[in-house]
Amino acid sequence: MATSYKLVKEIYRHHAPWYDRVAAPIFGSPFQQEAISYLDLKTGDVVVDVACGTGGNFNFIEQCIGDSGHLIGIDLSAEMLQQAHLRVAANQWRNVTLINSPAEEAQFSGTANAFLFSFAHDALQSPVALRNLFQHATELTRVAACGIKLAPWWNFPMNCLIFQIDQLYHTVHTGLAKPWNILAEFVSDLEINSGAFDTVYVAYGTVTRTRTQES
130 MATSYKLVKE IYRHHAPWYD RVAAPIFGSP FQQEAISYLD LKTGDVVVDV ACGTGGNFNF
190 IEQCIGDSGH LIGIDLSAEM LQQAHLRVAA NQWRNVTLIN SPAEEAQFSG TANAFLFSFA
250 HDALQSPVAL RNLFQHATEL TRVAACGIKL APWWNFPMNC LIFQIDQLYH TVHTGLAKPW
310 NILAEFVSDL EINSGAFDTV YVAYGTVTRT RTQES
């Protein structure tokens, strides 16, 4: 199922003003920090934060890459990205580029040392998006993703919550059992950790360059 750009824009137009106060704490920054730690970021690295939203991960990333690094944030929602602009200005970061675009169409120059997909389910379910982004990868480019997933069938109460979050924040409602499946086609050494009663995952590995070159 393809991402509905119009629906995404409408959903996050309403979420943007209060997203950092309500949604972000529910998702839980420990999983985002864990994902970022697997990127093994170094001073001067170029990092692409896919579906960056309000920029909630920017501070963690900036601490790793320093002023000589470059952070590229991509998001489809202009309203969410406006909040990210405010965050960047408040912190006086000079090394951030924000791109208002679907991941399938986002354009930027050069190569990236790392890609982060933090609660970016719709983008992760799009081979077109991943192929477009990973054309900027090298054989050493690292990738990490985190987000919600369905728990085992017997954990029905938690899955009810997952379905509610899915309806609120996603437009692609497939792939919740293993949200990393399509990413695994591009990352041959992908490893998976889970937590929060097996309802949140962190996936990480290295982009397979030959796979990104396929048409």
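If you want our numbering, it's the position in the sequence shown, counting the first as 1, plus 129. Every residue gets a Cβ at the ideal spot worked out from N, C-alpha and C, and that includes glycine.
Buried/exposed call for Val151, threshold 16 Cβ in 10 Å: Exposed is the call here.
Inter-residue spacing [alpha-carbon to alpha-carbon] between Cys193 and Arg271: Taking the straight line joining both Cα atoms gives about 14 Å.
Where Ala219 falls: helix, strand or coil (DSSP): Helix.
Cβ-Cβ distance between Gly185 and Asp149 below 9 Å: Going by C-beta atoms, Gly185 is nearer than 9 Å to Asp149.
The segment 169-181 in contact with the segment 240-258 per 3-pair CB rule at 8 Å: Counting Cβ pairs under 8 Å, three or more are found: they touch.
Delimiting residues of the alpha helix (DSSP H) encompassing Ile165: Per DSSP, Ile165 belongs to the alpha helix (DSSP H) from Ser158 to Tyr167.
Outcome for Phe248 when other beta-carbon atoms lying within 10 angstroms are tallied against a minimum of 16: By the neighbour-count definition (other C-beta atoms within 10 Å, threshold 16), Phe248 is a buried residue.
Under the three-state DSSP convention, the category Ala252 falls into: It is helical.
Identity of the residue in Phe326, His250 and Cys275 nearest Gln296 by Cα: Measuring from the Cα of Gln296, the nearest candidate turns out to be His250.
Beta-carbon spacing of Ile228, Ile190 below 9 Å: Taking a C-beta distance under 9 Å as the contact criterion, Ile228 and Ile190 do not qualify as a contact pair.
C-beta atoms of Tyr330 and Ile277 nearer than 9 Å: Yes; because the gap between Cβ atoms is below 9 Å, this pair is in contact.
Identified DSSP bridge partners for Leu227: The beta-bridge partner set that DSSP reports for Leu227 consists of Gly202.
Cβ separation of Val316 and Thr335, assumed to be a contact under 8 Å, to the nearest whole Å: The Cβ separation is near 7 Å, so the contact holds.
Chain-order list of residues whose beta-carbon lies under 7 Å from that of Phe326 (same chain, five-residue window excluded): Residues Ala280, Asn284 and Met287 of the same chain have their beta carbon placed closer than 7 Å to that of Phe326, with the five preceding and five following residues left out of the count.
Extent of the continuous alpha helix (DSSP H) run through Cys289: Run containing Cys289: Phe285 to Tyr298, per the alpha helix (DSSP H) assignment.
Bridge-paired residues (DSSP) for Ala274: Under DSSP, the beta-bridge partners assigned to Ala274 are Phe246 and Ala332.
Three-state secondary structure assigned by DSSP to Val311: With the sequence shown as reference, residue 311 is identified as Ile, and Val is not the correct amino acid for it. For Ile311, the secondary structure class from DSSP, reduced to helix, strand or coil, is coil.
N-terminal and C-terminal residue of the alpha helix (DSSP H) that Glu191 is part of: Phe187 to Ile194 is the extent of the alpha helix (DSSP H) around Glu191.
Glu234 - DSSP class collapsed to helix/strand/coil: Glu234 falls in the coil class under three-state DSSP.
Straight-line gap, Cys181 to Trp282 (C-alpha atoms, nearest Å): Inter-residue distance for Cys181 and Trp282 is about 31 Å (C-alpha atoms, whole angstroms).
Where Glu320 falls: helix, strand or coil (DSSP): Strand, per DSSP.
Whole-Å CB distance - Thr183 paired with Arg216, under 8 Å assumed: Between Arg216 and Thr183 the Cβ distance is about 7 Å, and since that is below 8 Å, they are a contact.
Simplified DSSP state of Met130, which is helix, strand or coil: Because the pLDDT at Met130 is just 46, under 50, the model does not fix this residue reliably, and the value given afterwards should be weighed accordingly. Correct three-state label for Met130: coil.
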